[in-house]
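Chains as they are written, first to last, in the working numbering: chain A, 2 to 233; chain B, 80 to 553. Beta carbons: idealized from backbone N, C-alpha and C, even for Gly. On a predicted model such as this, the values are computed, not experimentally measured, just so you know. Taking it in order: structure first as structure tokens, then the write-up.
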Ligand code: SF4
């Protein structure tokens, strides 16, 4: 059946219930609340507490230097020699490129497209670490908002067993409603012009499918480390 | 599918006598009920959010024709393809032909109720494609050759020993009673499936008309991999699963996660619009959106239209004393629990005993109470029973119920008050209690049955035994 036929069927069906549905639709406002929990004073602390509950780790650091040290330690602990990463310019931590070079961590070519797709996937697969930034961090739910697109591969928060994300305290918002409003503002209604994907991440990959036992890392990273840099 | 060859009553009997299932169901539903309650109570304005969610669903349904057209236009403008599938056959044909045309060999799937509704796996396997379910629970039951027993935890009826045996047989894992090695074995095996796959198939939690996008929620990361790694992504969406604006997601995603598992948000939410753009490093080259009607437009024009507001959170299942006792298999259809008892007879009217499902309810009202979009489930169950009697399908035993329904409907306040009294009363009586006599006019209802205590499974089993002694309704 064609589009027009299916839509015509829908229109006919709707005739009998449209008025009732419209009335139901008007029973509450449509604009989402910016946040849904009683507001907290310290967003950074709230974010850290929420993500910690989800088995993620948050490192609240004072400046870029301390952030770089934290990243260095995480890389060292994992004996990382390769990584799948966003473009360093997109991560927004000056000195990260230099650090990676000094530590002998090679950032792999993240382009997984067309004919080279399957072969390049096998190249990326063994990397122990993913490195990304984020657009916003939602305090209420301990979530990261990752607007993907050029220089921001999706696999850089998905493939490896450890995902390290670097964010700054001015990226903190209270709730999901606020994050979505800010996203719309920033991209002025052209949200999906240059990207095909926007991802929210709230903690490491989890499952309770075997006897309701919580287990981490069934598909996505079992470890999520967020380095939260205080902005002046 | 095997469960469908048994009669509904036999499936209920089987479930009630399966001790493993009983323990597992109790563990799962108790946990989900508790988590949900905690997550809803924590909200500053739980009632306001719920009313918003309902209004947004009603808004989308009220202009469904317009919104679907917009969604499709936007998807196409971004280089995606749209299939308008009037029924399961059309959807299956489109996907099978696409896979053939593109030389696909292996397919990875993330959880999708719509694809189960149209038995897509069967069609794809029949056409010679290798199809792997990648949600851990779905994977386990695929290996076991079974069907899901719970919407959120599909393999809840499997013990760790059974899972270990399955992984030993299919993945060569060393037998274990520890869960972490099983998780690692599954991760390793499935990861290679992802990397080799030519096509990923996913469901859709919400289509977003304004942005031409779809939102998919999950906790494992298998949906992210299925929609990112393979060259082709096919998303199957029931046409009712749409919202108008991007911002609507802020309400819907939160009520969904809180109602389903008690999470604030699911671990991963992917919002996807079309295939990867030229400058993106990864993502699929092709994006196909299958818009599935399959009986939904019929429901849209009828008296059960409210059931289309459902966001498949599973809260009504967990809260239902009948579901707590018998689990998902016994319902026989793809959708189980209170909402399944409504959707199955409407979407799969050809299932021989689908009309019996609306009887599998004590009408305690727990389902409507927990539903994040406030669907009047007990009300619709009663109307479906009346329909079955009118159609000459149901036995006169049911008419006592129908009569009391007529009385209650004349005065809905009495009905609601009665429901509340029943819940309060049953709580007072205690966990294993039953209500044998209700105040008028609800006493008519007790001619047919007792009201089981809403959150306990014991009463339903007792009620069932008694009912079986009295003789079946068919
Ligand atoms: S009917 Fe309501 S409670 Fe049940 S699955 Fe649908 S949305 Fe959830």
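Assignment of residue 395 of chain B by DSSP, reduced to helix, strand and coil, places it in the helix class. By the neighbour-count criterion, in which 16 or more other beta carbons inside 10 Å mark a residue as buried, residue 89 of chain B falls on the exposed side. The region 190 to 209 of chain A and the region 33 to 45 of chain A do not touch, with fewer than 3 CB-CB distances between them shorter than 8 Å. DSSP places residue 314 of chain B outside any alpha helix (DSSP H); the residue lies instead in the beta strand (DSSP E), whose first and last residues are 311 to 317. DSSP places residue 139 of chain A within a strand segment (E or B) once states are collapsed to three. Listed along chain A, the residues sitting closer than 8 Å to residue 128 of chain B by beta-carbon distance are 34, 37.
In summary, the residues of the region 40 to 56 of chain A whose CB is separated from some CB of chain B by less than 9 Å are 40, 51, 55, in the order they occur in the chain. Look at residue 209 of chain B here: in three-state DSSP terms it is strand. In the DSSP assignment, residue 146 of chain B falls within the alpha helix (DSSP H) that extends over 143 to 156. Taking the C-beta atoms as reference points, residue 167 of chain A is found nearer than 7 Å to residue 134 of chain A. Here the alpha carbons of residue 459 of chain B and residue 137 of chain A stand approximately 43 Å from one another. Listed by position along chain B, the residues whose Cβ is nearer than 7 Å to that of residue 199 of chain A are 350. Membership of residue 123 of chain A in the alpha helix (DSSP H) is indicated by the continuous run 118 to 125.
When C-beta atoms of the region 169 to 180 of chain B are compared with those of the region 261 to 276 of chain B, fewer than three pairs fall below 8 Å, so the two segments do not count as touching.
Excluding residues up to 5 positions away in sequence, 230, 231, 339 lie with their Cβ nearer than 6 Å to the Cβ of residue 393 of chain B in the same chain. Taking 9 Å as the cut-off between beta carbons, the residues of the region 306 to 323 of chain B near chain A are 306, 307, 308, 309, 310, 318, 323, in sequence order. Here residue 34 of chain A has 178 as same chain residues with Cβ atoms under 6 Å from its own Cβ, once five neighbours each way along the sequence are excluded. Taken in chain order, the unbroken stretches of alpha helix (DSSP H) that lie wholly in the region 58 to 109 of chain A and span 4 residues or more are 65 to 78, 89 to 92, 97 to 103. Using a Cβ-Cβ distance cut-off of 8 Å, the region 6 to 17 of chain A and the region 138 to 147 of chain B are in contact, since at least three pairs of beta carbons, one from each stretch, lie closer than that value. One alpha carbon belongs to residue 284 of chain B, the other to residue 189 of chain B, and they sit about 12 Å apart. Among the residues facing chain A, residue 344 of chain B is included, as its CB has a counterpart in that chain under 7 Å away. With a cutoff of 7 Å on beta-carbon distance, residue 209 of chain B and residue 193 of chain A are scored as not near each other. Taking C-beta atoms as the reference points, residue 282 of chain B and residue 312 of chain B fail to come closer than 7 Å. Residue nearest to residue 228 of chain B within the set B:277, B:297, B:275, B:100 is B:100 (criterion: CA-CA distance). Shown here, residue 101 of chain B sits in a helix according to DSSP, grouped into three states. DSSP places residue 161 of chain B inside the beta strand (DSSP E), whose first and last residues are 160 to 164.
Annotation for residue 131 of chain A: the continuous beta strand (DSSP E) segment containing it runs 130 to 133.
Residue pairing by DSSP places residue 198 of chain A opposite B:351 in a beta bridge.
With contact defined as three or more Cβ pairs closer than 8 Å, the region 333 to 350 of chain B and the region 103 to 123 of chain B are in contact.
Restricting attention to B:418, B:219, B:404, the CA atom closest to the CA of residue 463 of chain B is found in B:418.
If you draw a 10 Å sphere on the C-beta of residue 386 of chain B, you find 16 or more other C-beta atoms in it, and that means buried.
At a cut-off of 6 Å, the beta-carbon of residue 391 of chain B counts as near the ligand SF4: some heavy atom of the ligand is closer than that.
A buried status is given to residue 307 of chain B, since no fewer than 16 other beta-carbon atoms sit within 10 Å of its beta-carbon.
For residue 297 of chain B, the pairing in a beta bridge is given by DSSP as B:347.
A straight line joining the alpha-carbon of residue 207 of chain B with that of residue 176 of chain B spans about 12 Å. Your pair residue 399 of chain B and residue 445 of chain B checks out as a contact, with CB atoms roughly 6 Å apart and the cut at 8 Å.
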